[in-house]
Amino acid sequence: MIRKATLSDSKEIQQLINAWAKKGRLLERSLNYVYENIRDFWVYVQGQRIVGCCGLSVVGWEDLGEIKSLVVTKKMQSRGVGRQLVKKCIQEAAKLGVKNIFALTFVPEFFKKLGFKEIDRKELPHKIWSDCINCLSFPNCCEHAVILKVK
Numbered sequence: 055m056i057r058k059a060t061l062s063d064s065k066e067i068q069q070l071i072n073a074w075a076k077k078g079r080l081l082e083r084s085l086n087y088v089y090e091n092i093r094d095f096w097v098y099v100q101g102q103r104i105v106g107c108c109g110l111s112v113v114g115w116e117d118l119g120e121i122k123s124l125v126v127t128k129k130m131q132s133r134g135v136g137r138q139l140v141k142k143c144i145q146e147a148a149k150l151g152v153k154n155i156f157a158l159t160f161v162p163e164f165f166k167k168l169g170f171k172e173i174d175r176k177e178l179p180h181k182i183w184s185d186c187i188n189c190l191s192f193p194n195c196c197e198h199a200v201i202l203k204v205k
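In this note's numbering, the protein residues as written are 55 to 205.
Given below as structure tokens:
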């Protein structure tokens, strides 16, 4: 089941994200970050456990949003959990009036299957790099930029 995250989910979301961040697969998030951005997150719950999460952040312009912190537990991968979470974010973006959604990812193929197109990161506004400055790989990032026009 997918639902909007609540404050009581914050610690579990942070643990899920940081487990993958330690493997170098995405940006680590502080508990404070998760609390402050809890409205951005969707969670996929199985039983009493969160097995996936994804955030949609509006970047500061009327037409751009970002998919952030997409994580699915290893056990639940390849079962459509990530796809469903991203689709929820796309639906939310459409309701908000966001015209384009981008993501920075190590797995552009996953996003391409959902209609995203790979672009040069330099095509994105400089504002998106605010999170990147905190990354250990900055400025030698290996992530790919993908973007989707929201219908």
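Ideal Cβ placement from N, Cα and C applies to all residues, glycine included.
The beta strand (DSSP E) enclosing residue i, as first and last residue numbers
| i | result |
| --- | --- |
| V112 | R103 to V112 |
| A59 | Neither: A59 is in no beta strand (DSSP E) and is coded neither H nor E. |
| L124 | L118 to V126 |
| N154 | N154 to T159 |
| L202 | H198 to K203 |
| F95 | F95 to Q100 |
Residues near residue i by beta carbon distance below 6 Å, same chain, minus five either side
| i | result |
| --- | --- |
| L118 | N154 |
| M55 | V99 |
| M130 | V105 |
Residue j beta carbon less than 7 Å from that of residue i
| i | j | result |
| --- | --- | --- |
| E163 | V200 | no |
| Q68 | V88 | yes |
| V140 | L158 | no |
| W96 | K149 | no |
Cβ neighbours of residue i in the same chain (closer than 7 Å, five flanking residues each side left out)
| i | result |
| --- | --- |
| N72 | E82 and R83 |
| A147 | L110, G119, I155 and V204 |
| R79 | F160 |
| F165 | A157, T159 and V200 |
Rounded straight-line distance, which links the Cα of residue j to that of residue i
| i | j | result |
| --- | --- | --- |
| R175 | K128 | 28 Å |
| G134 | P179 | 31 Å |
| L124 | D94 | 12 Å |
| V161 | G136 | 12 Å |
| E197 | E90 | 25 Å |
| V152 | Q102 | 32 Å |
| L202 | S62 | 31 Å |
| V112 | A75 | 22 Å |
| E177 | K58 | 31 Å |
| Q145 | V126 | 19 Å |
| Q138 | F170 | 15 Å |
| K77 | G114 | 30 Å |
Cβ shell of residue i (< 8 Å), same chain only, five flanking positions each side left out
| i | result |
| --- | --- |
| S64 | L85, V88, Y89 and I92 |
| T60 | I92 |
Bounding residues of the alpha helix (DSSP H) (the contiguous stretch that carries residue i)
| i | result |
| --- | --- |
| I67 | S64 to A75 |
Whole-Å CB distance - residue i paired with residue j, under 8 Å assumed
| i | j | result |
| --- | --- | --- |
| I121 | C108 | 6 Å |
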